[in-house]
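All remarks here apply to the structure that follows.
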Amino acid sequence: MERSPKADLPIPLNYATPRIFFRGRYQCRNWLQLGGCIGLFAFAAMFAFAALQWRSVINSLSALDDIPILSLLAVACALLSLAFLAASAYVIWTYVEGREWSVLITEDVISRAGRLREWREIERVYAVHFASGVNVEFILRHASIPLPRAVELHPLLSAEQYSNLARILQEHVVPRHPHLKVDPQAMHSSS
């Protein structure tokens, strides 16, 4: 047994670590993220405007004290406005900070930003070809609505890199998880 240099814990010499087939990164600096932020700001402005409108309606009907629903609508719109404003501030903060997450595809899991998806949970792995490259996506097996989950790489892969990754997954992961389907070629985003 060897000793760990950082801790006084024994490290077994016969441990097995999963093979890493792909190691990449995802960085929060893209134009799509800023477009989403503009949308969040628009929703925040819309709900703030609605809250002000309901407030003016309440003030004009101040003689009637038995209209609590209008007050609730004004408060709800104001809270929604604050929520959208907070979400857009978070998106801007991650963009300015240039936050970066690691992406790993191993023989056991797909990991992005610390979120692990085991291969037994995944039904299909495929890639979508965009003008700037190829992005890897997957679909969960037992999801009530089978929505694609993007691995979101930055920079995107080339078609050849994805084909190599698909071949490796076919050789090493599919035999252990026969339910898994891996598309060998990237499909175009328009299809």
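First residue of the sequence shown: 1, per my numbering; consecutive thereafter.
Where is the CB? At the ideal position from N, CA and C, for every residue including glycine.
Query	Result
Closer than 7 Å: A166 CB and nearest the ligand FAD heavy atom	The model depicted lacks the ligand FAD and carries no ligand whatsoever.
Selected residue, minimal CA-CA separation from Y90, among I38, Q161 and I139	I38
Collapsed DSSP secondary structure at Q27 in the structure displayed	strand
Buried versus exposed, by CB contacts within 10 Å (16 or more), G35	exposed
Cα-Cα separation between A127 and W93, rounded to whole angstroms	29 Å
Closest Cα partner of A83 within the set S111, Y26, A74 and F41	F41
Cβ-Cβ separation, I168 to F138 (assumed contact under 8 Å), whole Å	Rounded, the Cβ-Cβ distance is 15 Å, inconsistent with contact.
Host beta strand (DSSP E) of E118 (start-end)	R115 to E118
Rounded distance between the beta-carbons of R25 and S102, thought under 8 Å	6 Å
Per-residue DSSP class, three states only, for R112	strand
Where I122 falls, given that 16 or more other Cβ within 10 Å makes a residue buried	buried
Continuous alpha helix (DSSP H) stretch holding S163: start and end	A159 to H172
Counted within 10 angstroms of its Cβ, other Cβ atoms place L79 as buried (16 or more) or exposed	exposed
For G98, the nearest candidate out of R19, Q27 and A86 (CA to CA)	Q27
Best match in L72, I20, R23 and A86 for proximity to A45 [C-alpha to C-alpha]	A86
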